[in-house]
Amino acid sequence: MARAATTSDPFNAVAEPRRREILEHLAAAELPVGDLVVRMALEQPSVSKHLKVLREVGLVRVRRNGRHMMYRTNAEAIRPLHEWTKTFERLWAHQLLRIKERAEEKEKALKGNDPLGS
Numbered sequence: 009m010a011r012a013a014t015t016s017d018p019f020n021a022v023a024e025p026r027r028r029e030i031l032e033h034l035a036a037a038e039l040p041v042g043d044l045v046v047r048m049a050l051e052q053p054s055v056s057k058h059l060k061v062l063r064e065v066g067l068v069r070v071r072r073n074g075r076h077m078m079y080r081t082n083a084e085a086i087r088p089l090h091e092w093t094k095t096f097e098r099l100w101a102h103q104l105l106r107i108k109e110r111a112e113e114k115e116k117a118l119k120g121n122d123p124l125g126s
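Residue numbering for the sequence shown follows this note's numbering, beginning at 9 and increasing consecutively.
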């Protein structure tokens, strides 16, 4: 089965790490392209291409402020991503609990084998 284009839906768009990084920056504040270029240490054309993909899937909104284009996240469009990842929270919490329990068991076993009893 052919993979969907990155511009077809938000899930494909955020599969690219740089786009996720852009969203993280924009979650904190509305920014012009130039600020993203500096923060990410990327070339302007690369940042602009990523922003275009994010705009096309609706994850980012843009407005003109004089000569600058200001970008910000679109919380409503990000909600489906959040809801989907939320379904895995219980699994992650369970896995972390198991890791904690194993570490505690191992620590207890090591203390039980300590000849000095400390």
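We put the CB at the ideal spot given by N, CA and C, even for glycine.
So, with DSSP's three-state summary, where would you put residue i?
{"i": "Arg87", "result": "helix"}
{"i": "Val45", "result": "helix"}
Mind reading off the beta-carbon distance from residue i to residue j? Whole number of angstroms is fine, and I expect it under 8 Å.
{"i": "Pro18", "j": "Leu89", "result": "6 Å"}
{"i": "Gln52", "j": "Val45", "result": "5 Å"}
Return the first residue and the last residue of the alpha helix (DSSP H) that residue i is part of.
{"i": "Arg110", "result": "97–120"}
{"i": "Leu62", "result": "52–64"}
{"i": "Asn20", "result": "18–21"}
{"i": "Ala36", "result": "25–36"}
Could you please give the first and the last residue of the uninterrupted beta strand (DSSP E) stretch that includes residue i?
{"i": "Asn73", "result": "68–73"}
Using a Cβ-Cβ cut-off of 8 Å (strictly less than) and excluding sequence neighbours within five positions of residue i, which residues of its own chain qualify?
{"i": "Arg106", "result": "none"}
{"i": "Ser16", "result": "Val65"}
{"i": "Ala83", "result": "none"}
Output needed for residue i: all residues of its chain with C-beta closer than 7 Å, excluding positions within five of it in sequence on either side, in chain order.
{"i": "Ser56", "result": "Val41"}
{"i": "Ile86", "result": "Leu67"}
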